[in-house]
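Some notes on the structure that comes next.
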Amino acid sequence: KPRTFYDLVVQVAIVRPGPIQGDMVHPYLRRRAGLEPVEYPKPELEKVLGKTLGVTLFQEQAMRVAIECAGFTPGEADMLRKSMATFKHTGGVSAFRDKLVQGMIARGYDRAFAEKTFSQLEGFGSYGFPESHAASFALIAYASAWLKCWHPDVFCAALLNSQPMGFYAPAQIVRDAIEHGVEVRPVCINASRWDCTLEPTGDESRFAVRLG
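Going by UniProt numbering, the sequence shown opens with residue 1, and the numbers climb by one from there.
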């Protein structure tokens with residue numbers, strides 16, 4: 001149940017395989033619901049993970065954890081990012097284990113927390129999102145949901161004119177539009193064009209979709 005736009009950004013990122021395999025989903029949900037306290041062993045960790053309630057959800061956060069909490073240089077953190085992106089092919093994330101764990105221990109973190117942090121970052125080898133990508137997808141999702149809610153006729157025509165697009169077949173889009181009160185008119189040799197178009201219905205608040 002998103003309350004803000006950033007909640008949508010989190011929703012996009014949290015269902016990626018990386019956060020799921022890094023066991024980040026349920027801790028975030030419990031903390032957001034107030035069922036689990038949000039705790040930061042060190043102030044620098046709150047600076048990095050404050051927006052996501054102490055849970056690493058984005059690739060940028062993984063890099064900043066390595067820099068702020070384990071003493072990585074920006075160049076080393078970028079190598080970590082690249083290894084996360086190619087993990088399935090090279091298994092390269094594991095090469096950073098000792099440096100990250102020992103770096104965190106040297107800065108006052110206990111070993112169990114350091115090893116848990118590494119295992120979470122290792123989960124990004126199964127595809128975690130950059131925050132910018134999640135925000136872009138969230139904006140598209142927000143705009144699409146707004147259109148579908150307030151202008152289902154326009155939304156239906158736009159989707160049909162974007163085929164082929166995967167996920168949903170044209171018949172599913174038409175059926176959903178009809179279920180939401182949209183009049184869908186059949187192909188007509190006299191009225192149809194190459195694309196689907198919008199036609200007046202007599203109701204100024206709603207158009208009919210003419211199939212093309």
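For each residue, glycine too, the CB sits at the ideal point set by N, CA and C.
- Take Leu8 and list the residues in its own chain whose beta-carbon comes closer than 7 Å to its own, dropping the five residues that flank it on each side. Within the same chain, Pro2, Ala138, Ala141, Tyr142 come within 7 Å of Leu8 by CB-CB distance, once the 5 residues on both sides are set aside.
- Message: If I follow the unbroken beta strand (DSSP E) through Glu68, where does it start and stop?
- Response: Counted as a single uninterrupted DSSP element, the stretch harbouring Glu68 is not any beta strand (DSSP E) but the alpha helix (DSSP H) occupying residues 59-70.
- In this structure, does DSSP put Glu183 in helix, strand or coil? DSSP places Glu183 outside both helix and strand once states are collapsed to three, so it counts as coil.
- Item | Where Arg107 falls: helix, strand or coil (DSSP) | The answer is coil: DSSP assigns Arg107 none of H, G, I, E or B.
- What's the C-alpha gap between Phe207 and Cys149? Distance from the CA of Phe207 to the CA of Cys149, rounded to the nearest whole angstrom, comes to 14 Å.
- Task: Taking all protein chains shown into account, decide if Tyr28 is buried (16 or more other Cβ within 10 angstroms of its Cβ) or exposed.
- Result: Label assigned to Tyr28: buried.
- Query: Over what stretch of residues does the alpha helix (DSSP H) that includes Leu147 continue unbroken?
  - Reply: From DSSP, the alpha helix (DSSP H) with Leu147 extends over 131-150.
- Item | Run of the beta strand (DSSP E) containing Val209, from where it starts to where it stops | Taken as a continuous stretch (DSSP letters only), the beta strand (DSSP E) holding Val209 covers 207-210.
- Query: Any heavy atom of the ligand SAH closer than 7 Å to the Cβ of Glu199?
  - Reply: The ligand SAH is absent from the structure shown, which contains no ligand whatsoever.
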